[in-house]
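With mature numbering (1 follows the signal peptide of the UniProt record, and there is no 0) as the guide, the letters of the sequence shown map in order to residues -22 to -1, 1 to 1126. The next block holds one structure in the form of structure tokens; read it before the comments.
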Amino acid sequence: MKLNLLSRCSFAIVASCLSVSAALSQAPGTGAITGSVFDPAGAVIQHAQVTVTNEDTEAKRSGSTDAAGSFTFPLLTPGTYTVTAQSAGFSEKTAETVNVVVSETSIVDFHLTVSQVGVSLNVQAGSELAQSESSALGRAVDQQTIEALPLSNRNYTQILSLSPGIVVELPNATAIGRGSQDVTANGNKTTGNNIQFNGIDANNLSQNSAANDGEEVGVAAPAPDTILEFKVQTGNYDATYGRGTGANVDVVSKTGTNKYHGTLWEFLRNDMFNANTFFSKLTNQPRPVLKQNQFGGAFGGPILRDKVFIFGAYQGLRSSNGLGNQVTVNLPQLTSDRSAQTLGVQFCAYPTAAGGQQIACDGSNINPVALALLNFKLPNGKFAVPSPQIKLPSTDPTQMPIGESTYSLPAKYNEDQFTLNVDQTLSPKNQFAARFFYSRAPLVEPFSPNAATVPGWPTTELDQNTMLVLSDTHVFNPRLVNIARFGFMRFDGDSAVTNPVFTTDLGTQSPTGTSGAKIPAPGITVDGLFTVGDAGTPYQWQVTNSFIWQDTVSLTRRNHAVRFGAEAKRHQVDVNAPFSTDGLLDIRTFPDFLLGESAAQNGSPTGSSNVSLSNGSSGLFRKDERYIDLAAFAQDDIRLSNRVMLNAGLRYEIFGAPSDINGRLVTFDPSIATKSAPNEGTLSGFVVPSNFKGLVPDGVLKSSIPGLFPTRKLDFQPRVGLVVRLSQQPTILLRGGYGLYFDRLSAGLAEQLLAVEPFSVFQFFAGSSNAGATLQQPFVPQLPPNNAYPTFVPRIPGGGPSLTAIARNMVNPYTAEYNLNTQIAFAHDFLLEVGYVGTRSLHEAGCVEFNQAMLASPTNPVNGETTNSAANVIQRLPFAGISPGSLLCESSFNANYNSLQTSVTKRLSHGLEFLGSYTWSKNLDQTSGSSGSEVFETHLVTNDQTNFRQAYGLTDFDRTHRAVLSLVYNTSFARHLPGLLSRAVGNWQISALAVAQSGTPITILDDSAGSVYGNYPFENRAQLVGGIKPTTSGSMYSRVLTTYLNAAAFTSAPEAPNGTGPGDTDFGNSGEGLVRGPGQRNIDMAIERTIPLTESHHVNIRGEFFNLTNTTNFNNPNSNVSSGPSFGVINSTSTNPRIIQLALKYQF
């Protein structure tokens, strides 16, 4: 695909759009009404007067039909409208309750009859289910559905997944906090979605993700009672929408009306109503604590009738949640006797991964640091490394027996959120609106996210969201409308970990070689077992401020409807995250942990320390990033005939490259770096920005721009869609389209430079490059103290710092989307849609280890080396003086997605409405990020870092099959029943959400593979044995109790060419996404009774059942063959057990 060719096509499209004086329908946050007026004979009536009136606020717009008898009212606030048509000589006709939906156009046609004095006729509005005005894919969700469906955390993001083409984890009713979900749409990454709040970008640029990630605050989640509706467009949306390649979500807030209305609510949870979790029952633990109250109220009405309206709301949440904070961990079978002698007897039979010296059976060589940690007690008197609650069965006598524990300590989460919306009709042609939202949510979490898996290292967080949107809609004439908006978004988050273990408690050191009573001990992970510590990062905070200006013009004429406009954004992203300043150690096995010696001490034949990996950093970690984004668009919706609608548009976007106001974004460019490093050192390859403050040392290049890379200015996005009406009765539409969509890279990309010199240094040593590490001195060499920065550390022979660099030729990822589908409306209230959707994504962001050791041979020596071993990795590096684990993040990766998407929609009638969706798809790429790295654009390549093709396979988030059903049923039939029976049966409502989906792919890894290359050990794939199924058989329950994966299907990694011993290994031969994890299914249901008090006052009593059938859905197993006895073991669930929530509402 050639962008220069596409750009030329783009200019042709925009020229076509602007050659007509036209524009239609809707901008973000708005909808439209269109239609035609006919006489009794079916001929069009020109110059008929048409008026639309908002039924809530009495705001009116008037116009007349054109030469084709058509009318259009664009940029309407979503809501319910009355449409009236009249013409001289004909009776007036009125269509009531016409729903205007965000980003959609409602069609209302009138057939006027010959005038009769004083006669005005009402007609049934009944908007068409089929989408004949646009080829966009997606669904609108109205207020009734939002409030009716069982939302596990009263969070609207949980029903974004109703449309086909969406892939997401099952909602977890026990999630701590908001429980927002990150979705993938049509194969795009979760960071490709664009969530808008009343037409304004509401995303946190720091992560481009809906869910929270530590101090990275996710999108706001207003109470469902404050949302009028939202629209999820999954693809082929027009040029008025941009910023991302995935779904576009437009959330519209409720407003005040001419009638006073309000709601009070209370939602209650208590663990006495709940089922116990699978692993709590397995380990004989009681039901975890879950006590939650969600309460609030909303009120709206006129301040000045027909002129000024107000709507306000408050919601509070108080939660003590042990379910969402439950951790199941594998542990060695320790007892309360943890003397060296006992440990020696218990574990001397099991070999270390490093080889060489083993644990003495009398325990005489057990490391004092390991002994101190195993005997360290927390303030509550319990061991920091606890004994397991149960022992797991073991069938392999060569594997160390392990146990399992499940811990459930309640997290304390509170949230207070406030909504205030004001609307004012300044004149019949001018309307002003203001939307405000603020939330504050402190959290105390007993377990550190992504860190300690045992109790003792709690995290405190504070998340705050602020949203403000101001808009002015001006009607210049019936065919020319303008809407101008200003938005302000603020995301403010911080988190800190309490570390109870200090270096002096264990006799170890920090990355700077210091030790003291107030210096936290490094985090330690024993693969497949436990993690203690804070993952090296004791605290962090992040603040994002976004200022958005937006203007959209709509002009309609004849058969054209064009919108054009522009948008400007300024983002401030300030972050301080002292990444890994406490340090983090990774140890392959528990016997290696007990020994904790350097390679020289243990005599390892591969030159490996028992501490297989050490990383740490020191320095100054604050960044003050700035971004400027600009966009312009033109969209023309052309009615070529009564049967054919063409949607053509062009969007142009400039996504500003990251810069830092203090010039602190320093990177490394391998393309300009010298391969060798002299003894006196070199800084060749380092690049500082043009606004770098201070002297630039010799060898460092000063860039001509302040940004990390040049801002790209050629991102033109042509989009075209076609709708053909094949049949009028029944309505059959053929719809299709093609478009380009560019992605706004997150600020998380620049945040990878938090630990890059001269402001900080990060070191990562693994395998033989960490040969000198011991538990007493795990960081060799030691880093400079924090007060030594800024300082450049030269590259010298024999090793150096670990770098994360951003490529200076980075470009914005983009996706080409193409689809073809048919919609068939039948039986008045049903719509069937079947179609194909495909995407091709190019220039996706990811990271490679650019300093992978080269293979040597006698005929092709590398730096004098003719063999390949783990011990001579440093000598075979392409760039001397840089760690082999160093990363270069670039936009060099591709992805493909193909799918069959079907859905059946039933509009509300006879008390029933539903949407059923099914997707059959396949999603392939070279890098995935389902583990969380997608928010930083740092997806890693597995195996050979010089050959991306070998990593092409199923994405981490691929699900072959996904079926979703949502339904709402009310007993409206009861009004036809007699007396007491009508009152008993009437006013009931049942709603449900059901999901069934395939599991996600699992890539089998082996830390011992690829040792001669020096890469991250956890990115090397395992060696597959042919002819043996890699998964076990039997019931899911039996596989959880034993193992999900078959260890016999894998063998030791192959020997590397020209290796020197058995520990010198090549990459494994297994592919990406070799097997699939457990499938998932879930049903949530709500039952509600409405009790009328008066004509306008009523009470709702509601019960909600999350995971109605108490089905256990499991997470994927441990997939690293180096984990020994825990390989293939599943020790966590992906969803909640059955949770019951009771609710009471009062409405008037």
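Where a beta carbon is used, it is the ideal one built from N, C-alpha and C, also for glycine.
- By the neighbour-count criterion, in which 16 or more other beta carbons inside 10 Å mark a residue as buried, Glu1073 falls on the exposed side.
- With a contact defined as Cβ atoms closer than 8 Å, Leu945 and Phe892 qualify at about 4 Å.
- C-alpha of Pro478 to C-alpha of Asn1094: approximately 31 Å in a straight line.
- Annotation for Ile606: Arg548 and Gly634 place their beta carbon closer than 6 Å to its own, counting only its chain and skipping 5 residues before and after.
- Within the same chain, Gly302 come within 6 Å of Ala153 by CB-CB distance, once the 5 residues on both sides are set aside.
- Exposure of Gln706 is indicated by the presence of fewer than 16 other C-beta atoms within 10 angstroms of its C-beta.
- Between Ala972 and the set Arg927, Val1018 and Ile1061, the nearest pair of CA atoms involves Ile1061.
- Using a Cβ distance threshold of 8 Å, Phe1084 and Ser130 count as a contacting pair.
- Beta-carbon to beta-carbon, Thr709 and Ala108 are separated by about 5 Å, close enough to satisfy the 8 Å threshold.
- Less than 8 Å divides the Cβ of Thr403 from the Cβ of Ala37.
- DSSP places Lys884 within a strand segment (E or B) once states are collapsed to three.
- The beta carbon of His821 sits closer than 6 Å to the beta carbons of Val789, Pro791 and Ser869 from its chain, once the five residues preceding and following it are set aside; these are given in chain order.
- Going by DSSP, Asp721 is part of no beta strand (DSSP E) at all; its letter is neither H nor E.
- Cβ atoms of Phe414 and Thr35 stay farther apart than 8 Å, at about 19 Å.
- Counting only the Cα atoms, Lys269 lies some 11 Å from Ile1118.
- For the segment 838 to 907, the full-length beta strand (DSSP E) segments reaching 3 residues or more read 865 to 887 and 890 to 903 along the chain.
- Here Asn299 carries a strand assignment [DSSP, helix/strand/coil].
- Per DSSP, the continuous beta strand (DSSP E) segment holding Asp450 begins and ends at Thr437 to Asn455.
- Residues Tyr947 and Ile1065 of the same chain have their beta carbon placed closer than 6 Å to that of Ile968, with the five preceding and five following residues left out of the count.
- Comparing alpha carbon positions, the residue from Thr60, Asn176 and Ser184 closest to Asp602 is Ser184.
- Spatial neighbours of Ala1000 in its own chain (CB-CB distance under 7 Å, excluding positions within 5 residues in sequence) are listed in chain order as Ile982, Leu983, Asp984, Ala987, Phe1028, Gly1046, Ser1048 and Val1099.
- The C-beta of Ala495 has fewer than 16 other C-beta atoms within 10 Å across all chains shown, which makes the residue exposed.
- Of all C-beta pairs linking the segment 914 to 931 to the segment 886 to 901, fewer than three are shorter than 8 Å, placing the two stretches out of contact.
- Between Val230 and Gly7, the CB-CB gap stays under 8 Å.
- Bounds of any alpha helix (DSSP H) do not take in Tyr814; it lies within the beta strand (DSSP E) bounded by Phe808 to Glu827.
- Annotated three-state conformation of Thr509 is strand, per DSSP.
- By the Cβ neighbour-count rule, Ser668 is exposed, with fewer than 16 other Cβ atoms within 10 Å of its own.
- Judged by beta-carbon spacing, Ser724 lies beyond the 8 Å limit of Asn1109, meaning their Cβ atoms are not closer than that value.
- The alpha carbon of Pro583 has as its nearest neighbour, out of Thr218, Phe16 and Gly334, the alpha carbon of Gly334.
- Between the beta-carbon of Leu798 and that of Gly813 there is about 6 Å, and that keeps the pair under the 8 Å contact cut.
- By the criterion of a C-beta distance shorter than 6 Å, Ser819 is surrounded in its chain by Thr793 and Ala873, once the five residues flanking it on both sides are discounted.
- Going by DSSP, Pro696 is part of the beta strand (DSSP E) stretching over Phe694 to Ser705.
- Remark: C-beta atoms of Pro1103 and Pro636 do not approach each other more closely than 8 Å.
- Taking every protein chain shown into account, the CB of Asn190 has 16 or more other CB atoms within 10 angstroms, so this residue is buried.
- The C-alpha of Gly381 is placed about 6 Å away from the C-alpha of Gln311.
- Sequence-distant Cβ neighbours of Asp472 in its own chain, meaning closer than 6 Å and more than five residues away, are Glu193, Leu440 and Trp519.
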